[in-house]
Structures are given as structure tokens and as C-alpha cells.
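Here is the structure we will look at.
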Amino acid sequence: MSVNSLREYLDLLDTTGWLRTFDQPVSWDLEASAATMLANIRDGPIPVFESIAGLETESKLVGDPYRGPQTRPWNHFARALGLPAGLSGRAYYDRVIDRLNAPQAPRTVASNEAPCKETVQTGNGVDLLSFPWPYIHEGDGGRYSNHHTIVAPDPDTEWGTWSSHRMMIHDSSRASLLLLAGEQVPNRYYYDYEPRGEPMPVAVVIGSEPTVECTADMWIPTGRSEAAFAGGLKNAPVDLVQCETNDLYVPATAELVLEGHVRPDDRLDEGPFGDYFGYMNGPRRSMPVFEVDAITHRNEPRIPFCVEGSGVGYGQNSTSTLRLVAAGPDATVGLRAAGFDVAMAVPWRFTSRTVWVIATDRPYPGYLHELANFIFTTWGMLHIDFFVFVDAAVDPLDPRAVLTAIALEADPDADFHQFGVERMPKVPLNIYQTPDEKGSADVGTSKAKTAKAYIDATTDGDAAEMAATPETRKRAQERLVEAGLTAARFDRPDEREEQSQ
Numbered sequence: 007m008s009v010n011s012l013r014e015y016l017d018l019l020d021t022t023g024w025l026r027t028f029d030q031p032v033s034w035d036l037e038a039s040a041a042t043m044l045a046n047i048r049d050g051p052i053p054v055f056e057s058i059a060g061l062e063t064e065s066k067l068v069g070d071p072y073r074g075p076q077t078r079p080w081n082h083f084a085r086a087l088g089l090p091a092g093l094s095g096r097a098y099y100d101r102v103i104d105r106l107n108a109p110q111a112p113r114t115v116a117s118n119e120a121p122c123k124e125t126v127q128t129g130n131g132v133d134l135l136s137f138p139w140p141y142i143h144e145g146d147g148g149r150y151s152n153h154h155t156i157v158a159p160d161p162d163t164e165w166g167t168w169s170s171h172r173m174m175i176h177d178s179s180r181a182s183l184l185l186l187a188g189e190q191v192p193n194r195y196y197y198d199y200e201p202r203g204e205p206m207p208v209a210v211v212i213g214s215e216p217t218v219e220c221t222a223d224m225w226i227p228t229g230r231s232e233a234a235f236a237g238g239l240k241n242a243p244v245d246l247v248q249c250e251t252n253d254l255y256v257p258a259t260a261e262l263v264l265e266g267h268v269r270p271d272d273r274l275d276e277g278p279f280g281d282y283f284g285y286m287n288g289p290r291r292s293m294p295v296f297e298v299d300a301i302t303h304r305n306e307p308r309i310p311f312c313v314e315g316s317g318v319g320y321g322q323n324s325t326s327t328l329r330l331v332a333a334g335p336d337a338t339v340g341l342r343a344a345g346f347d348v349a350m351a352v353p354w355r356f357t358s359r360t361v362w363v364i365a366t367d368r369p370y371p372g373y374l375h376e377l378a379n380f381i382f383t384t385w386g387m388l389h390i391d392f393f394v395f396v397d398a399a400v401d402p403l404d405p406r407a408v409l410t411a412i413a414l415e416a417d418p419d420a421d422f423h424q425f426g427v428e429r430m431p432k433v434p435l436n437i438y439q440t441p442d443e444k445g446s447a448d449v450g451t452s453k454a455k456t457a458k459a460y461i462d463a464t465t466d467g468d469a470a471e472m473a474a475t476p477e478t479r480k481r482a483q484e485r486l487v488e489a490g491l492t493a494a495r496f497d498r499p500d501e502r503e504e505q506s507q
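Here it is in C-alpha cells:
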């Protein structure tokens, strides 16, 4: 059985020894994020901060709840889906892909059945500052919510569209949203609502159940519902409830829901922020204003946050884990649907938004160029800079296997391919962009000179014939047993654990 809420997920972590509760007061000002960063680096339990120093609140902070174990980042999420925790990475992908291929429509519940409606604040009762939003990095432009799902209108789907964009708190009723043009929700605002002078209704959903949290970060096709894919992952419908002040529907088991609207032609400062590239991203720029009309929440709400960019190339946190365990299988499904015979598409866990590894056979000359071009002109345009292509038999989740493939199979002269310099939309977060290339402050996304590239680390025919097949490895292990050696010593760790299930 899949879990139905963040609380159930935290209880699951607790039963497996992966949760640590702090009873002593901890400050939202850097202390909670510092403790979380240390837990991330040391691969320790997920921290829950029960008491917030200097603030009378029932709210609790949860640091990087979806960060997975460093050796098997998918383990916690597998348990949340009701899958065995000992699955190999490839077996985990297969199970998740099966579920993504069977989406389930959500169901609606009444307000009195929705835990997120236990407390309702409207009008003058709205107070953002009554919640312990963390100050995450020294040098950030303010206090942030950066681990949430944004629900916005979508005329092509019944349940709206879900996305994820960080939010900087300004006062008791206003925040600025990092809306970068080129993505669905920002495009809806910049090119639909704002030109008409209309406010866009928005709900910021904090502390959603696991499948909701990860689906918001997937590349769901336009016109399809993230809610249905979340139901597919869960193998059961997701419960939704209507907002108090607009027509949007939000996950009913959420910890906290901020209802409001993004005002047209109105901006507030946003940033800088210590982002996922591992450095302080700036400069401070103007971003659209989110005006809060209502707040609904569970009693003693748990507020999750993510410590982004704890070091250059650092990848052990919630967002990098969710990309590995959810966006990767989703991309694999999408590429197969487009006609490409892809075994696995996997974000490089240390730079999960810029480099991906794709395991695939090469059926004809020019195939990899077609595949790279397809991705760069669709979902990979804004973030991804280059791909590494490896054989379908290579495990793209294994950094050693990928680097070995590059070292042995990629000819620096013939197998490193550039698409050339182009002017195209690009998120203004890369360190190699100059301030001028970071583009228009009006819509947040640069149209900069940038380049896309890929590395062909697949084998040629003769080399491919030398690779041992699973049948060959099995026969070799049998011979080792006959010789009095333990064959299990020569299995990969993920194969041993999978065989034990």
C-alpha cells in the first residue's frame, strides 16, 4: 500500500530508523538548515524540528524529507509506493514505469473530509509570518518556501496544472514567486493572464503526499493531468478538495495550503538564493507578486524545506532525489512514447538538472543525434546542457560504470558532439552566463548564447561482442561455485539485494 500523506511517509521513515526528532528549540534562522545539511552529507536520518526558537507556533519544520540514502536514493520512495526497498535501480525504474503507464483520475472530497481544512484563515486572519519559514543559506535574499507544489489553472485539463517554483516571503500576505518563462505555469501567467490585466489564481500546496510532490517536477505533456499521473504512481486515486477562495482543487491531505493570486504588472524583489548549482545565484531581480487570500492547514502542520546547493555539484537532498526517482522514469516513458528505444533515462545525481545519462542501443547511424536533438528541443531546452549516451546494458545509475564508458568508449575527436552556439531560452542560473546573457527581468528567463552537446560513450560492434551477457556471467558464477568459491562475492550489490526479495 502506498502512503497517503507526508505524515504517513514520516511515520514510515520512523519505523525504519530513518527519522530523527529534535525536541529542543531550533531557530528557523540558519540553524534548521545547518542541521539538515549535516544530516544530508552524513547520510543520516531525516530531521524533524518540533520546537522553533523565538516563535509561538504549532508548526514543525522537516529538513529534506525526500532525500534518499546515498547508496540507493530510491529506497525511501519505493517504500512510500509500497514497493520492496531492496530493488535494484533498474528494477525500481521498471516498476515505476509500469505505474506511470496506468494513470488514475483523482477523486474529489468535501471540505469536512479534507485534513488540510482543519484550520481556515481568510481576510484579516491571514498571516504568513505566523509560520516558521526557514532562512536557508547565509546570503539568501529572504526566508523561503522551496519544497512545495504550485497549482494553477489550465484550460486543457480539469484539475489544473502542477509545478514547482520557489517562493520568498515578504510580509504577512505577500511573497514573490520565481516564475521563469518557458515553463507551463510561468507561460500561463506571462502570456495569458498578465496581457489581459487579470490576476491568475494560484494555490501553493506545502507538505503534499509523496506522489504529488514528485509529479509536480515531472515533464507531464501539455493537456495531461499531473493529478492522474500521481494516482498512477500511487496505484490509487489522489484525493482533491476545492479551495476556499477560488475554483482550484488541491491535494486534500496536504499540511498547508496558501490560496491567492499572482497580480498582473506587479513585482517584488526575489533572490539571491543558494541554488542547486552549488553557489549563490543572483542578482536580486523583480518577480511576480503572490497575494495570499486564505490559508488552510492541518493542526500542527509539518513544513518541509530543501537545503539546495550545499556544495558545488552536491546532490544529496530532496529535489535531486525526486528527479532521480521520479523525473527519470517519467522521461524514460516519454522518450519511448516518442519512438526511441531507451532502456533508462537518468539524471546525473550530482548535477541532476544539467547532465543526464541515457542507456540505449544505437540501431542506425545518426540515431543518437536525433535523440539528443529531440530532447533539447522539447523538455530539455531550459535546463539540460549535455547528455552522455551509454549502451543499454550499462547501468546509468552507477557513476563508475558511466565514467568507465566515457573513458573507454568515447573518442574525444569523434564522439564529443556539439550542436553549436544558439540563442535560445535558458534559465538564468548557470555560472557560465554573464549578467547580460541572463536576459529580460520581465519574464526571468534569458534568451542567451548557449550550446548543447552530447557524448557518445556507446560501444562499436566489435567491442560490444566482447561484453559479457547475463547468461555468460551466470555460467561463470556456476564455475566459481564448482571451484569452491562463493559466487555471491562477484554479484553487484544491487543484484544480491534484489535476489533476496
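In my numbering, each number is its position in the sequence shown, counted from 1, plus 6. The beta-carbon is built from N, C-alpha and C at its ideal position, and this holds for glycine as well. Please read these numbers as outputs of a predicted model, since none were measured by experiment.
Phenylalanine 137 and phenylalanine 382 have their C-alpha atoms roughly 40 Å apart. About 13 Å separates the beta carbons of glycine 288 and glycine 315, which is beyond the 8 Å limit, so they are not a contact pair.
Beta-bridge analysis with DSSP links tyrosine 460 to Phe393 and His423.
Counting C-beta pairs closer than 8 Å gives three or more between the stretch 138-146 and the stretch 265-283, which meets the contact rule.
In this structure, valine 427 lies away from aspartate 391, with their beta-carbon atoms at least 8 Å apart. Given a length threshold of 3 residues, each whole run of the beta strand (DSSP E) inside the stretch 289-343 is given here in chain order: 291-303 and 308-311. As the crow flies, the alpha-carbon of phenylalanine 425 is around 30 Å from that of glycine 229. Between serine 179 and methionine 293, the C-beta spacing is not below 8 Å. The Cβ-Cβ distance between proline 109 and alanine 234 falls below 8 Å. A straight-line Cα-Cα distance of about 11 Å links valine 115 and threonine 259. The beta carbons of tyrosine 99 and proline 216 sit no closer together than 8 Å. In the three-state reduction of the DSSP assignment, isoleucine 47 falls in the helix class. The beta-carbon distance between valine 132 and valine 298, rounded to whole angstroms, is 5 Å. This is short enough to meet the 8 Å contact definition.
Distance from the CA of alanine 91 to the CA of alanine 333, rounded to the nearest whole angstrom, comes to 19 Å. Exclusion of the five residues before and after leucine 135 leaves Ile175, Asp177 and Ser178 as the residues of its chain whose Cβ lies within less than 8 Å of its Cβ. Residue pairing by DSSP places threonine 128 opposite Ala300 in a beta bridge. Contact between arginine 342 and threonine 464 does not hold, since the beta-carbon distance rounds to 18 Å and is not under 8 Å. Nearest C-alpha to isoleucine 226 among Asp272, Leu330 and Thr167: Thr167. Restricting attention to beta strand (DSSP E) runs no shorter than 3 residues, the stretch 131-178 encloses them at 154-158, 167-169 and 173-175, ordered along the chain.
Ranking Phe356, His82, Asp29 and Ile364 by CA distance to the CA of valine 339 puts Ile364 first.
Going by beta carbons, threonine 325 and cysteine 312 fall inside the 8 Å limit.
For glutamate 14, there is no enclosing beta strand (DSSP E); the enclosing alpha helix (DSSP H) has its first and last residue at 12-21.
Here alanine 97 is buried: its Cβ has 16 or more other Cβ atoms, across all protein chains shown, within 10 Å. Nearest Cα to serine 65 within the set Thr163, Ala411, Val9 and Ile309: Ile309. Taken in chain order, the complete beta strand (DSSP E) segments of 3 or more residues contained in the stretch 351-387 are 361-366. Under the three-state reduction of DSSP output, glutamine 248 falls in the strand class. For arginine 202, the closest alpha carbon among the candidates Ala209, Arg194 and Val208 is that of Arg194. For arginine 105, the uninterrupted alpha helix (DSSP H) run begins and ends at 95-106, by DSSP. An exposed status is given to alanine 111, since fewer than 16 other beta-carbon atoms sit within 10 Å of its beta-carbon. Here threonine 22 is exposed: its Cβ has fewer than 16 other Cβ atoms, across all protein chains shown, within 10 Å.
Annotation for alanine 222: no beta strand (DSSP E) segment contains it, and DSSP assigns it neither H nor E. Nearest C-alpha to arginine 113 among Asp417, Asp17, Leu246 and Thr456: Leu246. Between the C-alpha atoms of alanine 236 and serine 94 there is a straight-line separation of about 22 Å.
Rounded to whole angstroms, the gap between the alpha carbons of asparagine 152 and valine 211 is 11 Å.
Counting along the chain, valine 191 sits inside the alpha helix (DSSP H) bounded by residues 190-194.
Contact check for tyrosine 373 against histidine 423 fails: the beta carbons are separated by 8 Å or more.
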